[in-house]
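Below is one structure; the comments refer to it alone.
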Amino acid sequence: MTDIHLTWERNAIPGFQQAIRSVNDLKPDFVIMGGDLIMDALAQRYSLADSLYNLYIENVKSLAMPVFNTIGNHEIYGIYSKSGADPLNPEYGEKMFEKRLGKSYSSFMHKGWKFMILNSVEDTGKDRYIGRVDDVQMEWIRKELTNTDPGTPIVLSTHIPFISANTQKYVGTTVANDSSSVVYNAKEVLDLFNGHNLKMVLQGHLHSLEDIYIDGIHFVTGGAVSSGWWDGPHKGIEEGYLLLTVKDKDISWKYIDYGWEVKK
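Mapping of the sequence shown onto this note's numbering: residues 19 to 282, in sequence order.
As structure tokens, then:
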């Protein structure tokens, strides 16, 4: 489930609860949230950002299975000057996420598969974020893979995509991706997985549905629970989420339209 953008407005709360009921009916083993859990903390005062996090935490309790949260750009607190945030605030940036939802990158094993949750959002210090996996995580990935059997199938979750054709589809086929739309050091990250069994990269951010298959790896951008930010379909995609099915060493996906209709 990615790009929820939970807020009190736009009927987002009943929309999210409808999505949760749909997920609970399917009874998956667990849920990976793909980031942009809340509407925005980048440009907001502390009180609003704090309230949005609390709103998400309270609502996500309705899921009947374990939840693993990926950090998105809208979870980064206060890095836009409009927020008035003090960089010395102990919850500045990604620390707000980590205080409430745990470390911004992690891994776990499930039924012989390894799942790795990455933080792909970096503050430039200039009222802007970019897609980047930082050096600390790069070293962590190296250590994780050292202790992972090369045959173990791996799934990554990143909010900002590693690979996407959205810019080429909607802007122009020869137009380069912006560094806030994709992870600009994605090649270096992917190179770390050479000799390992990387099967799928789950992506969000773009509110788009795409599956790019390269060298045995699926790069799946998973639509959005909120689709057009709770204002209807976006890029022809209804509000929804991915359902992953794993069988032995194979993985497949289906996009679930959970039936939400805009209520104004």
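Every residue gets a Cβ at the ideal spot worked out from N, C-alpha and C, and that includes glycine.
Nearest-angstrom beta carbon gap, residue 77 and residue 119 [assumed within contact, 8 Å]: Actually they do not touch by this definition, with Cβ atoms about 13 Å apart.
Assumed close pair residue 245, residue 256 - CB separation to whole angstroms, cut-off 8 Å: 6 Å
Proximal residues to residue 69 (C-beta, below 8 Å), its chain only, five neighbours per side dropped: none
Whether residue 204 touches residue 21 by CB criterion (8 Å): no
Beta carbon of residue 89 nearer than 8 Å to that of residue 65: no
Residue 115: first and last residue of the uninterrupted beta strand (DSSP E) it sits in: No beta strand (DSSP E) holds residue 115; the alpha helix (DSSP H) holding it covers 113–119.
Contact check, residue 113 vs residue 61, beta carbons under 8 Å: no
Residue closest to residue 267, alpha-carbon to alpha-carbon, out of 36, 224, 171: 171
Residue 134 (DSSP reduced to helix, strand or coil): strand
Residue 250 versus residue 277: straight-line alpha-carbon distance, rounded: 11 Å
Under the three-state DSSP convention, the category residue 226 falls into: coil
8 Å contact criterion, which residue 75 and residue 23 should meet: CB distance rounded: So it is not a contact: roughly 15 Å between Cβ atoms.
Cβ pair residue 264, residue 131 closer than 8 Å: yes
Heavy atom of the ligand SAM within 7 Å of residue 187 beta-carbon: This structure lacks the ligand SAM, and indeed carries no ligand of any kind.
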